[in-house]
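Q: My structure is below; once you've seen it, I'll send some questions.
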Amino acid sequence: MRPPRELNIALCVPLGGSAGIWGPSALASAKLAVAELNKGSGIAGKSCQLLTVNAADDAVDIEATLMGLVQSGDVDAIIGMHTSAVRQRILRAVGGQIPFIYTPLYEGGESTPDVFAIGETTACQLRPAIGWLGQHRKPKRWLAIGNDYVWPRVSHRMARQYIAESGAELIGERYVPVGTSDYAEMLDAIRNSRADAVLVSLVGQDAVDFNRAFGCNGLSRSVLRLSCAIGENELLGIGAENAEDLYVAAGYFATLDTDANLAFKERYHTHFGERAPTLNTFGQSTYEGLHFLAALFGQATPDPGTRGQAPLAYLSARGSAYAGRGVNHMPIYLARSEGNVFKVITRL
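Numbering-wise (our numbering), the sequence shown opens with residue 145 and increments by one.
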């Protein structure tokens, strides 16, 4: 009797461009999950393997690559860890044809059939974070800056309400293309606006370049920063001298002192050694995505159309729990940079 074919999973992560900083940890975390699954019964009784697809924002062949893989039957599912702009491109090409687990933070609202967005959402991150800062730091004039695509624009529209609820005002929004490195004009806008808080919705290397310039221009002495998308890699690139008064709201930090994260870090460093890529919220999400996929395929449902309707438990470093029907819950934490690490202040 022939053994069943392996389960092939397209792992879509940025391998270059501004978000390429996420790539190494995302690849490592996914490989760890595959090793763990294959050590057991695999996924739905089949061993699994990854087919890596470059999902950088400037990659021109994402759609064609995935369409070819899906139409030929060479992949059974997609794990996506990339920007929402790339998610929209993938959905236009192959949305609804095979299960697609989208793992990073995003703006919320994804409802395409057989697509499971399991990361943090803007509402869960920004509303409590802005409320906490309003209570404890009392900023009155916010300026929002971001890359020019769906996640920052939707997030800033939602943030306007949250800022008003905190008793402050969003006095302006500024957008730059992904891949921008010169932020002189944006820094001038912050100074001229007399903002005392900035919502930073830049990704990857763009976030590094902006925050370096922000610190070098002395703005951190009078203006606090809040982001939902700065991880440990970006913080190392920004540098401790430029990260004063930088806050991040997210579902995962490498410094989290929880049983789930301590166990995950032990497995990660045992597998890859101490020279493993730096753990961060983006990278570890692919680990969670693969374990979510295994739980999803393990559900006893004869109809793929009903997949994901019921609650399911899966292995998660950030303590996530899937409630069914597209609803995923996870803790959200607020952290402040201290040197080259994030210190978790509170669970929001």
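Every residue, glycine too, gets a C-beta built ideally from N, C-alpha and C.
Keep in mind it's a predicted model, so treat the numbers as computed, not measured.
For a test of the three-state rule: what should DSSP assign to residue 351, helix, strand or coil?
A: Note: residue 351 maps to helix in three-state DSSP.
Q: Can you confirm whether the stretch 475-489 touches the stretch 453-461 when touching is taken to mean that 3 or more C-beta pairs between the two stretches lie within less than 8 Å?
A: Not touching, per the Cβ criterion.
Q: When you compare only the Cα positions, how much space is there between residue 191 and residue 182?
A: So the alpha carbons of these two residues sit roughly 5 Å apart.
Q: Could you pull out every residue in the same chain whose Cβ sits closer than 7 Å to the Cβ of residue 325, ignoring the five residues on either side in sequence?
A: Hits under 7 Å: 353.
Q: Hey, quick one: how far does the beta strand (DSSP E) through residue 419 stretch, first residue to last?
A: First-last for residue 419: undefined, no H or E at that position.
Q: With a threshold of 16 other CB atoms inside 10 Å of the CB of residue 292, please say whether the residue is buried or exposed.
A: Classification for residue 292: exposed.
Q: Looking only at its chain, what residues have a beta carbon closer than 7 Å to the beta carbon of residue 443, apart from the 5 residues adjacent to it on each side?
A: Around residue 443: 451, 454, 456.
Q: From the DSSP output, which residues share a beta bridge with residue 190?
A: In DSSP, residue 190 forms a bridge with 187.
Q: Return the chain-ordered list of same chain residues with a C-beta closer than 7 Å to the C-beta of residue 152, the five sequence neighbours on each side being excluded.
A: The residues are 193, 195, 218, 219, 220.
Q: Using a Cβ-Cβ distance under 7 Å, would residue 428 count as near chain E?
A: No chain E is present in this structure, which holds just one protein chain.
Q: Just verifying my parser: in three-state terms, what is the DSSP assignment at residue 146?
A: With a pLDDT of only 41 at residue 146, under the threshold of 50, the placement of this residue in the model should not be trusted; the figure read from the coordinates follows. Correct three-state label for residue 146: coil.
Q: For residue 488, which residues in the same chain have their Cβ closer than 7 Å to its Cβ, ignoring the five residues on either side in sequence?
A: Around residue 488: 397, 399, 400, 477, 479.
Q: Have a look at residue 165 and residue 356 and give me their C-alpha separation to the nearest angstrom.
A: Going from the Cα of residue 165 to the Cα of residue 356 covers about 16 Å.
Q: Since residue 423 and residue 169 should fall inside the 8 Å C-beta cutoff, what is the C-beta to C-beta distance between them, to a whole number of angstroms?
A: Right, their Cβ atoms sit about 6 Å apart.
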